Amino acid sequence: MVPQLTDAYERKFYYLRLSITDVCNFRCTYFAELGTEKVRLTGGEPSLRRDFTEIIAAVRENPAIRTLAVTTNGYRMARDAASWRDAGLTAINVSIDSLDARQFHLITGQDKLRQVMDGIDAAFRAGFKKVKVNTVLMRDVNHQQLGAFLHWIKPRPIQLRFIELMETGQGSALFHQCHLSGEVIRLQLERLGWRRQPRGRSDGPAQVFSHADYQGEVGLIMPYEKDFCASCNRLRVSAVGNLHLCLFGEQGIPLRDLLADDDQLAALKDRIVRSLLSKKQSHFLHQGNSGITQNLSFIGG
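Here's what the structure looks like:
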C-alpha cells in the first residue's frame, strides 16, 4: 500500500502544486510514492517555458498521477491547448477577472480578453470536458458582474471560481479598499437556487455550487472563513526546489540538495514526511501575516 503524507492534525495530502517558472525538476516520483495523485503546474505563467509540453509529458509518465492541471493566464491556449491535451494535461484553470474587455485591459495591462476567450474555446475543441476560470473577487471592480458571469456559464461547462482578495505585504491598501467576502456571492447564489456540492479528497479549496438549469458551476474560495484550513490537502514546491507546507507564513524547506541522484530518494522522502509534522493547524491571515503569497501562485484547483 502507498504510504500517505499526513500531518500532526491527521490531514492527508493528495495534491501538489509545482511551480515551474524558473527551474523545474521532473522527478515528481518521490511525491507520487507518498500518495500524491494530483499535480498542478503553476508559475508565474508556466506556459512561457519553451519546454512546457515536455514537462506535461514527463509528469504524466507516472501512472500514480491521476490529475495533471495547469493554472494559466490563457495567453497561449488558443495556439497550444491541443498539444497540451495530447501530452497528457487533464485540467485547465484560466485567470479572468472581468468579462468586460476594457476592464480586463485595465486590470491586466493587456488587451487580450478575446484571445483568452478563444483559448477557452480551443480547450473545449481539444477535448477538455471542463475549464475552470479564476476570478479575484473585488469590491466595486467585478462583484456586481455576477449576472453577466452566470449568463456566460449557463450554456458552457465552465466552473467559475470567485477567489477572495488576500492581503499581502505590498497590497494592504488595495485589500482594505477592495476586499469583499465570498459570503456575499454565496448568499446570492443560494437565493437563486444554487446548491453546494460534495468535495472530493484531491479537490482544491473551492466550495462548488451547481444549478439544474446551468451547464457551468460556481466555486468560492474564501481563505478568511472559519475552518478554511481544516480540509487542507495541498503541498507546494517552488521553482527553486523549496517545499512549502502552507502558502501563508513560512519560507520553505529545501529539497534541492536531495534531488541530485536516486541514492538520495529515501532521505528525500524522510525529510518531506518529517517536515509535515511542523505544519501549523491554520494560516495567520487574520493576524495580517500573508506569508509567501507574493511569491507562489495561490489559486486552488
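For the sequence shown, our numbering begins at 790 and goes up steadily by one. Yeah, the Cβ is synthetic: ideal placement off N, Cα and C, and Gly gets one too. Nothing here was measured: the structure is a model prediction, and the numbers come from that model.
Is residue i helix, strand or coil when you go by DSSP?
i, result
"T842", "helix"
"V1029", "coil"
"A1055", "helix"
"F802", "coil"
"G936", "helix"
"V812", "Only weak support exists for where V812 lies, its pLDDT of 44 falling under 50; the value from the coordinates is given anyway. It is coil, neither helix nor strand."
"R950", "strand"
"D796", "coil"
"V930", "coil"
"I854", "coil"
"P835", "helix"
"A1049", "coil"
"A1019", "helix"
"R874", "helix"
"F970", "Note that residue 970 corresponds to Ser in the displayed sequence, not to Phe. Three-state DSSP puts S970 in coil, outside helix and strand."
"T924", "strand"
"F820", "helix"
"R985", "strand"
"A995", "coil"
"T861", "strand"
Measure the Cβ-Cβ separation of residue i and residue j and say whether it is below 9 Å.
i, j, result
"R855", "E826", "yes"
"F802", "L1024", "yes"
"G993", "I974", "no"
"K1068", "A797", "yes"
"G971", "E953", "yes"
"I942", "V1007", "yes"
"L857", "L823", "no"
"I845", "L878", "yes"
"L926", "L969", "yes"
In angstroms, rounded to a whole number, what distance separates the CA positions of residue i and residue j?
i, j, result
"L830", "I1042", "19 Å"
"R1063", "D1046", "16 Å"
"L1044", "V828", "17 Å"
"H1000", "R865", "31 Å"
"W873", "A912", "9 Å"
"V812", "V1029", "Residue placement at V812 is poorly supported in this model, since its pLDDT is 44, which falls under 50; the coordinates are not used for a value here."
"D889", "Q934", "9 Å"
"L976", "Q1040", "36 Å"
"L837", "G898", "17 Å"
"C1035", "E799", "15 Å"
"L978", "R984", "8 Å"
"Q1004", "H932", "22 Å"
"L1054", "A821", "12 Å"
"A847", "N1022", "23 Å"
"A915", "L902", "20 Å"
"E850", "R928", "43 Å"
"R988", "G863", "26 Å"
Is residue i buried or exposed, if buried means 16 or more other CB atoms sit within 10 Å of its CB?
i, result
"R839", "exposed"
"R806", "buried"
"R980", "exposed"
"Q948", "buried"
"H940", "exposed"
"T1082", "Residue confidence for T1082 is low, a pLDDT of 49 falling below 50, so the modelled location carries little weight; the figure read from the coordinates is stated next. Classification for T1082: buried."
"P944", "exposed"
"Q996", "buried"
"R950", "buried"
"S808", "buried"
"D869", "buried"
"P1012", "buried"
"E843", "exposed"
"L1057", "buried"
"A880", "buried"
"S1027", "buried"
"G982", "exposed"
"H1072", "buried"
For the ligand HEM, is there a heavy atom less than 8 Å away from the beta-carbon of residue i?
i, result
"S808", "This structure simply doesn't include the ligand HEM, nor any ligand for that matter."
Does the beta carbon of residue i come closer than 9 Å to any beta carbon on chain D?
i, result
"L976", "As a matter of chain content, chain D is missing from the structure shown, which is built from one protein chain."
Notebook entry, point to check: Are there three or more Cβ pairs, one per stretch, closer than 8 Å when the stretch 880-900 is compared with the stretch 914-924?
Noted result: The stretch 880-900 and the stretch 914-924 touch, with no fewer than 3 CB-CB distances between them shorter than 8 Å.
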